[in-house]
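*Asks:*
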Amino acid sequence: MINKTEPESVWDYPRPPRMEPTPRHLRIVHGGIVIAETSQSLRILETSHPPVYYIPQSDIAMKHIVPSAKRSSFCEWKGSADYWNIVINDAVVRDAAWSYPKPTGSFAALKDHLAFYASRVDECYVDGEKVQPQPGDFYGGWITSHVRGPFKGPPGTMGW
């Protein structure tokens, strides 16, 4: 569970990944609109990755979220993922978020939650600190001063 005073090394995170509730305050803003705000998310911790936060749909402005045409992807632990676009007026941010509509096994609580790529929205915050996106196009971890790397994602790290 979270110790808000001690930094975490992503190399201490488990593999297979662990899911846990977090009381951290998350806020996502795009186009001047608060897309999501919660203190009731779940986070996934996996070796070499910054945390990925899954926000309950009840704390997301779902009127701005629509299913993406992108084919689903597959996680060996969580199952098949669907992707979501953000739509604000005529502007579309493609594949800005993903979810597991039928998560497997110990990740069943992810149902009705979405995770957002920090690289595809204007701003993401954890406890008021602006997030840095995890490098690489595939990964969706959120980097804050609370987590230490090195992080998987940049060129040359795929084999980690």
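Here the sequence shown is numbered in our numbering, starting from 53 and rising by one per residue.
Here a beta-carbon is modelled for each residue, glycine too, at the ideal position from N, C-alpha and C.
Is it right to say S151 is buried, meaning 16 or more other beta carbons lie within 10 angstroms of its own, or is it exposed?
*Replies:* Buried is the call here.
*Asks:* So, are the CB atoms of S120 and D142 less than 8 Å apart?
*Replies:* Taking 8 Å as the Cβ cut-off, S120 and D142 do not qualify as a contacting pair.
*Asks:* Can you check which of these residues, T209, P206 and G201, is closest to D64 by C-alpha distance?
*Replies:* Comparing Cα positions, the closest option is G201.
*Asks:* Run the CB neighbour count on G211, radius 10 Å, all protein chains shown included, and call it buried at 16 or more, exposed below.
*Replies:* It is exposed - the Cβ of G211 has fewer than 16 other Cβ atoms within 10 Å.
*Asks:* Using the Cβ count rule (16 or more neighbours within 10 Å means buried), how would you classify F190?
*Replies:* Answer is exposed; the Cβ neighbour count stays below 16.
*Asks:* Does the beta-carbon distance from K109 to H165 come in below 8 Å?
*Replies:* In the sequence as displayed, the identity of residue 109 is Gln instead of Lys. The answer is yes: Cβ separation under 8 Å.
*Asks:* Between which two residues does the beta strand (DSSP E) containing P108 stretch?
*Replies:* Residues V104 to P108.
*Asks:* Counting only runs of 3+ residues fully inside the region 96 to 150, write out the beta strand (DSSP E) ranges in chain order.
*Replies:* Taking only runs of at least 3 residues, the beta strand (DSSP E) segments lying wholly in the region 96 to 150 are 104 to 108, 117 to 119, 125 to 127 and 131 to 140.
*Asks:* Using a Cβ-Cβ cutoff of less than 6 Å, which residues in the same chain neighbour S91 once the five nearest sequence positions on both sides are dropped?
*Replies:* Correct list, in chain order: P75 and H77.
*Asks:* Taking G188 as the reference, which of H101, I138, V145 and I117 has the closest Cα?
*Replies:* Here the closest residue by C-alpha is H101.
*Asks:* Identify whether T168 lies in helix, strand or coil by the three-state DSSP scheme.
*Replies:* Checking the sequence shown, residue 168 turns out to be Phe, not Thr. Strand.
*Asks:* Along the chain, where does the beta strand (DSSP E) containing H82 start, and where does it finish?
*Replies:* Counting along the chain, the beta strand (DSSP E) containing H82 begins and ends at L78 to H82.
*Asks:* So, helix, strand or coil for S13, using DSSP?
*Replies:* Given that the chain is displayed from residue 53 to residue 212, the structure contains no residue 13 and the question cannot be resolved.
*Asks:* Please report the residue range of the beta strand (DSSP E) in which V86 lies.
*Replies:* That run of the beta strand (DSSP E) goes I85 to T90.
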